[in-house]
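Colleague: There's a structure below that I have some questions on.
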Amino acid sequence: MTDGPAERASRRGRPGYDLDSLLTVAVRVFNERGYDGTSMEDLASRLGITKSAIYHHVAGKEELLRLSVDRALDQLFAVVNEPEAQRGPAIDRLEYVVRRSIAVLVDELPFVTLLLRVRGNTAAERRALARRREFDRLVSDLVERAESEGSIRRDVDPALTSRLLFGMLNSIIEWYRPRRGLTAVDLADAFVKIAFDGLRSRPDAPLSPAPDPGQTGSPAGA
17 MTDGPAERAS RRGRPGYDLD SLLTVAVRVF NERGYDGTSM EDLASRLGIT
67 KSAIYHHVAG KEELLRLSVD RALDQLFAVV NEPEAQRGPA IDRLEYVVRR
117 SIAVLVDELP FVTLLLRVRG NTAAERRALA RRREFDRLVS DLVERAESEG
167 SIRRDVDPAL TSRLLFGMLN SIIEWYRPRR GLTAVDLADA FVKIAFDGLR
217 SRPDAPLSPA PDPGQTGSPA GA
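The numbering of the sequence shown is our numbering, which starts it at 17 and goes up by one.
Here's what the structure looks like:
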């Protein structure tokens, strides 16, 4: 009798190699080469082990993909099930989900990056896309409730608002790198100010100090 995915996922392999380290390297290679462009030989070469050592943990490349995207998805679904996302005004719950989703993105950046790049070419990818749609639906429901409570504008479709909100959030994977002291909290604070309060300044908003002319420059080039 052969082992199922759960048994393989919980089992450790040869000394020095476990499933977590295997997934970490696999995700890095998938993001660099693309899932379709990565072979088991590529993964074995990067790990410095034989293909048979990889098969000790998983049935093949698609199981590596499934386990990797599930790691990101499971954490995102955990966010919407946390108490702060389940009670209180919808606008506060929505902000909480956004902040915690950014924290997941920062903490699991390679895994979230892989999740956002799947295209539905395999069963594992189609399953991941279905779970993403379910997460999007939960966020859309929060947006709709916030609209009905009068917390956010009602002249934009809730599904569109949700897509725009998380489209901006998901774009973080393209440029964010953990450097120069930009934490997940800093990122979430800035995101919430822009997405929830808007870019347009208010008369009662405190003025930021004028920049030092000698310190000007594009943050993107930092």
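Here a beta-carbon is modelled for each residue, glycine too, at the ideal position from N, C-alpha and C.
State the start and end residues of the unbroken alpha helix (DSSP H) segment that holds Leu158.
Modeller: Taking the first residue of the sequence shown as position 1, residue 158 is located at position 142. First-last of the alpha helix (DSSP H) with Leu158: Ala139 to Ser164.
Colleague: When the Cα atoms are used, what is the spatial distance from Ala25 to Glu78?
Modeller: Along the sequence shown, read from residue 1 onward, the residue named residue 25 stands at position 9. Along the sequence shown, read from residue 1 onward, the residue named residue 78 stands at position 62. Caution is warranted here: a pLDDT of 43 is assigned to Ala25, below 50, making its placement in the model unreliable, and no coordinate value can be reported.
Colleague: Closer than 7 Å by C-beta to Val45: which residues in its own chain qualify, once you throw out the five before and the five after it? Chain order, please.
Modeller: Translated into positions along the sequence shown, residue 45 becomes position 29. Taken in chain order, the residues that qualify are Thr54, Asp58, Leu59 and Arg62.
Colleague: With Ile65 and Leu132 assumed to form a contact (beta carbons below 8 Å), what rounded beta-carbon distance in angstroms separates them?
Modeller: In the sequence shown, residue 65 corresponds to position 49, counting from 1. In the sequence shown, residue 132 corresponds to position 116, counting from 1. About 28 Å separates the two Cβ atoms, so there is no contact after all.
Colleague: Does the beta-carbon distance from Ser156 to Ala175 come in below 8 Å?
Modeller: As a first step, residue 156 must be located in the sequence shown, where it is residue number 140. As a first step, residue 175 must be located in the sequence shown, where it is residue number 159. Contact flag set, yes.
Colleague: By the DSSP assignment, the alpha helix (DSSP H) with Glu98 in it spans what residues?
Modeller: Indexing the sequence shown from 1 puts residue 98 at position 82. Where Glu98 is concerned, there is no enclosing alpha helix (DSSP H), given that its DSSP letter is neither H nor E.
Colleague: Tell whether a beta-carbon distance below 8 Å holds between Phe151 and Ser84.
Modeller: The sequence position of residue 151 within the sequence shown is 135, counting from 1. The sequence position of residue 84 within the sequence shown is 68, counting from 1. The answer is no: Cβ separation not under 8 Å.
Colleague: Look at Ala94 and Ala200 and say whether their C-beta atoms are less than 8 Å apart.
Modeller: Looking up residue 94 in the sequence shown gives position 78. Looking up residue 200 in the sequence shown gives position 184. Going by C-beta atoms, Ala94 is not nearer than 8 Å to Ala200.
Colleague: Determine the burial state of Glu98: buried for a count of at least 16 other Cβ atoms within 10 Å of its Cβ, exposed for fewer.
Modeller: For the purposes of this step, residue 98 is taken as the residue at position 82 of the sequence shown. Result: exposed.
Colleague: Around the C-beta of Arg116, are 16 or more other C-beta atoms found within 10 angstroms, so that it is buried, or is it exposed?
Modeller: Taking the sequence shown and counting its residues from 1, one reaches residue 116 at position 100. That one is buried.
Colleague: For Asp36 and Val43, what's the separation of their Cα atoms in angstroms?
Modeller: The residue given as residue 36 occupies position 20 in the sequence shown. The residue given as residue 43 occupies position 27 in the sequence shown. Asp36 and Val43: Cα-Cα distance of roughly 11 Å.
Colleague: Are there any heavy atoms of the ligand NAD lying less than 7 Å away from the beta-carbon of Asp58, as far as the coordinates show?
Modeller: For the ligand NAD, the structure offers nothing, since it holds no ligand at all.
Colleague: What does the alpha-carbon distance come out to for the pair Phe207 and Leu185?
Modeller: Here residue 207 corresponds to residue number 191 of the sequence shown, with the count starting at 1. Here residue 185 corresponds to residue number 169 of the sequence shown, with the count starting at 1. One C-alpha to the other measures close to 8 Å.
Colleague: So, at 6 Å on beta carbons, what are the nonlocal neighbours of Val41 in its own chain, with the 5 sequence-adjacent residues on each side left out?
Modeller: Position 25 of the sequence shown, counted from the start, is the residue given in the question as residue 41. Around Val41: Arg62 and Leu63.
Colleague: Does DSSP put Gly50 in a helix, in a strand, or in coil?
Modeller: Stepping through the sequence shown from its first residue, residue 50 is reached at position 34. If DSSP states are grouped into helix, strand and coil, Gly50 belongs with coil.
Colleague: Return the residue from the list Pro105, Ala211 and Gly183 that minimises the CA-CA distance to Ser164.
Modeller: Looking up residue 164 in the sequence shown gives position 148. Nearest option by C-alpha distance: Pro105.
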